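In what follows, a single structure is set out as structure tokens and then discussed.
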Amino acid sequence: MQAIHVTRFGGPEVLTVSEIDAPVGDLVVTVTAAGVNYADVSRVAGTYSPAVDLPFVPGTEVAGRTADGRRVVGLTFDGGGFAEQASIPADAAVDLPDGVTDEQALALLVQGLTAWHLLRSSARLRDGESVVVNAAAGGVGSLAVQLAREFGAGRVIAAASTSDKRRLALDLGADVAVDSEPTGYAERVRQANDGQGVDVVLDANGGDAITAGLDALAQFGRLVSYGDAGKRGRPAVDPSVLSRRNLTVAGFWLRPALELGYREPLAELLSLTAQGRLRPVTGSRYPLAEASRAFADLVGRRTTGKVVLVPQKVT
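Read in my numbering, the sequence shown has 350 at position 35, and its numbers run on one by one without any break.
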């Protein structure tokens with residue numbers, strides 16, 4: 316079968332199609348689409364933790380068909396998705412409802428499950444609370460904006476860096492959108508919340524955004540950090556500052572959460588999508604042979620929505 320077989324670490328240039336043996340495993344599916352993530356870029360570059368051994372086939376998000384014709388989506392966990400066939404643990408495959416596309420389903424795996432856990436498991440959102448979603452137009456943020464409303468938030472405030480991104484967040488259901496620039500952030504958020512601090516801030520930027528987010532919180536507010544996209548250095552969090560307003564800072568990483576299982580939250584996300592209550596932002600489709608272009612466009616921030624690879628021999 317054809318697959319992207321990485322034999323040396325590097326950039327997009329190392330992604331070439333090779334003929335390799337078909338996989339074996341619990342459930343082998345014919346891949347109809349595979350999701351592309353920044354984590355894949357790190358794995359190919361050799362900077363991912365835990366380290367990946369060479370050679371390998373990247374790609375952990377797969378939508379495909381089983382031998383008996385079922386449409387399923389799931390995580391391979393150890394790669395293998397950028398290929399014509401992939402192996403998914405049988406207990407990790409979830410049937411796709413009618414009306415949910417491959418791209419939508421793939422957007423709900425890493426990004427959707429992250430948004431679900433941020434709100435449900437880490438922030439423990441309660442009915443009527445106010446939520447700020449930083450990077451609100453991104454893969455996780457665009458879903459978190461919608462899920463916050465679905466899960467009972469009283470006010471959803473989107474924070475994003477450009478007017479186009481803020482308009483997208485408003486279109487997805489945010490009550491108000493503000494500039495995410497750390498300078499003046501807390502003041503803009505409070506103004507958007509009738510002059511009050513907010514209950515929850517979800518942040519993927521790190522650095523100065525953490526300090527700004529803490530300033531925007533109300534008493535007993537919670538900030539959940541799940542990334543370092545801003546690369547602005549590590550903020551110093553003073554426990555005495557937290558205690559003065561009874562604030563909580565939590566961290567979230569999806570990988571250990573997946574070890575607890577993901578079928579139920581993913582089934583919920585797929586059901587909401589099938590009902591039209593959740594709208595994953597989908598993006599570009601690239602042939603498997605153009606994986607290098609997909610990576611280059613993703614890293615160059617030339618993509619919007621979920622990026623997928625489609626094996627050429629699959630119709």
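Just so it is clear, CB atoms sit at the ideal spot from N, CA and C, and this is done for glycine as well.
Treat the numbers as computed from the prediction; the structure is a model and nothing was measured.
DSSP has residue i in a bridge; who is on the other side?
i    : result
S540 : D518, G566
I472 : V447, V491
S402 : V343
Q317 : E334
L532 : V513
V351 : V622
R380 : T345, R386
Y363 : Answer is none; Y363 lacks a bridge partner.
Y601 : L624
V409 : V388
F324 : Looking at the DSSP assignment, F324 forms no beta bridge with any residue, so it has no partner.
F371 : V321
Rounding to the nearest angstrom, what Cα-Cα distance links residue i and residue j in this structure?
i    : j    : result
V623 : V343 : 19 Å
A531 : G361 : 37 Å
D407 : R578 : Rather than Asp, the amino acid found at residue 407 in this sequence is Ala. C-alpha separation (whole angstroms): 7 Å.
G576 : P404 : 12 Å
V388 : Q506 : 42 Å
R435 : G453 : 19 Å
V515 : A484 : 17 Å
G591 : A611 : 32 Å
E583 : R441 : 18 Å
G326 : V356 : 8 Å
V539 : R439 : 10 Å
F535 : R559 : 10 Å
A382 : T345 : 8 Å
N508 : P554 : 26 Å
V339 : G510 : 58 Å
R323 : D543 : 26 Å
I335 : T347 : 18 Å
V471 : A501 : 15 Å
Y363 : V425 : 16 Å
G615 : G427 : 23 Å
State yes or no: is the C-beta of residue i within less than 7 Å of the C-beta of residue j?
i    : j    : result
A489 : G512 : no
A606 : L330 : yes
S457 : L487 : yes
D417 : A354 : no
T588 : Q419 : yes
H432 : A572 : yes
P365 : L585 : no
A349 : F392 : no
G414 : G443 : no
R385 : D410 : yes
L552 : V564 : Position check: residue 552 holds Val in this sequence, whereas Leu was assumed. Contact: yes.
R481 : A475 : yes
A609 : V332 : no
For residue i, which residues in the same chain have their Cβ closer than 6 Å to its Cβ, ignoring the five residues on either side in sequence?
i    : result
R358 : V367, P373
A473 : V448, A451, V460, A484, A489, A492
G620 : V596, T597, G598
G467 : D442
P497 : D523, A524, A527
T618 : G598, S599, D612
E574 : none
Please determine, among the options, the residue with the shortest C-alpha to C-alpha distance to residue i.
i    : options                : result
L369 : V356, H320, D410       : H320
Q400 : K621, A609, D341, L569 : D341
G499 : A524, R560, K480, E465 : A524
A337 : S402, V356, R380       : S402
L462 : D410, P580, P497, A382 : P580
G518 : R537, R503, E502       : Note that residue 518 corresponds to Asp in the displayed sequence, not to Gly. Answer by Cα proximity: R537.
G566 : G521, D509, S478       : G521
T477 : L421, S495, R464       : S495
V504 : L529, K480, R594       : L529
A422 : K480, R600, G615, R482 : R600
R594 : G510, S437, P497, E465 : E465
Who are the near neighbours of residue i in its chain, counting only those whose CB is closer than 8 Å to its CB and skipping five residues on each side?
i    : result
T630 : The pLDDT assigned to T630 is 44, lower than 50, so where the model puts this residue is not dependable; a value taken from the coordinates is nonetheless given after this. The answer is none, since no qualifying residue turns up.
E328 : S607
G394 : R358, V367, F371, V372, P373, G374, T375
L613 : V351, Y353, V356, V622
Within a Cβ cutoff of 7 Å, which residues of the same chain sit near residue i, ignoring the five residues on either side of it in sequence?
i    : result
T429 : V455, Y541, L569
P602 : V625, Q627
N561 : Q534, F535
S437 : V539, A565, F567
Any beta carbon of chain D sitting closer than 7 Å to that of residue i?
i    : result
I403 : In summary, chain D is missing from the structure at hand, where a single protein chain is found.
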